[in-house]
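This report concerns only the one structure given below.
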Amino acid sequence: MYQIIISDDDQSFLKEAAVETAALMEHNGIRQGIDFELLTFNEPQRLIDYLHQNKDACQLLMLDVEFGSKNGLAIMKELREQELKCGLIYLTNYRDYVYDCFDTQPLYYMLKPIDWQKLGDVILKNYHEHYQGSKLNLKLSGKHVMLAYDDIYALEATSHKVCIWLKDSQLAWNGTLSAIEQHLPSHLFCRCHNSFLVNLTHIQELDRKEVKMDNGARFPVSKRLYAAALRQYFAYLKN
């Protein structure tokens, strides 16, 4: 799911930004709770603690330059050093920092009062370029469903169907595992067994008999495919 975080110590602005952002996404057919989620923080330390623990969950961070008792640029320099890779937009009253922010790789430096239409253009560009393409488009129960690759833990071939394992639920798709495999990126999904594809990003342990996922699920590994699966997993970790 595309996660947006808005951080500002001004509560009224924080609320306005959240409402405007959610409305923008919904207006463009991007559904809250399904395609994206929105988090807000009004205290810098809470934001820092969250991102330390969930740095891979955030896709877009909107941050005030003067954020409570801390400087937003200093926060981002530290987080970038810790490999926080999300998109970044500064929303601020201060023009003076614009030339100091480049080391933190922002998408945009936007002065308040915010031009919501312009902000929307920046958000949508980031969404379409860096996230929308990371989904699997399937027809389930007569409806087209977009599943983010990150939400898929494994895919299992059953009789005339594919069971799609999510974090805590399963979906059934009419078709073959080979057919669906063609639409999945090989650098993220690995065939560990004739009947199973697993998402490399969620592997916790891999041995000759099984693969354990970060949600506790376990899937079999075949003798024939173990070596290839291990090479693919090491290549993923290296990159």
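For the sequence shown, this note's numbering begins at 30 and goes up steadily by one. All C-beta atoms in this analysis are idealised placements derived from N, C-alpha and C, irrespective of residue type, glycine included. The structure presented is a predicted model; accordingly, all values stated were derived computationally and were not measured.
Looking only at Leu229, Gln233, Ala246 and Arg247, the smallest Cα-Cα distance to Ala257 is reached by Leu229. The segment 51 to 64 makes no contact with the segment 86 to 99: fewer than 3 CB pairs, one atom from each, lie closer than 8 Å. Where Val240 is concerned, the enclosing beta strand (DSSP E) starts and stops at Glu239 to Met242. In chain order, Leu80 place their CB closer than 7 Å to the CB of Leu108, counting only its own chain and leaving out the 5 sequence neighbours on each side. Of the candidates Tyr119, Leu113 and Gln111, the residue whose Cα lies closest to the Cα of Gly101 is Tyr119.
Taking C-alpha positions only, Asp78 is separated from Leu68 by approximately 14 Å.
Pairing Asp38 with Asn155, the inter-Cα distance amounts to about 25 Å.
Here the segment 208 to 217 makes no contact with the segment 233 to 243; the two share fewer than three CB pairs at distances below 8 Å. In the DSSP assignment, Asn228 falls outside any alpha helix (DSSP H) and within the unbroken beta strand (DSSP E) covering Phe225 to Asn228. Judged by DSSP secondary structure, Pro73 falls within the alpha helix (DSSP H) whose first and last residues are Pro73 to Gln82.
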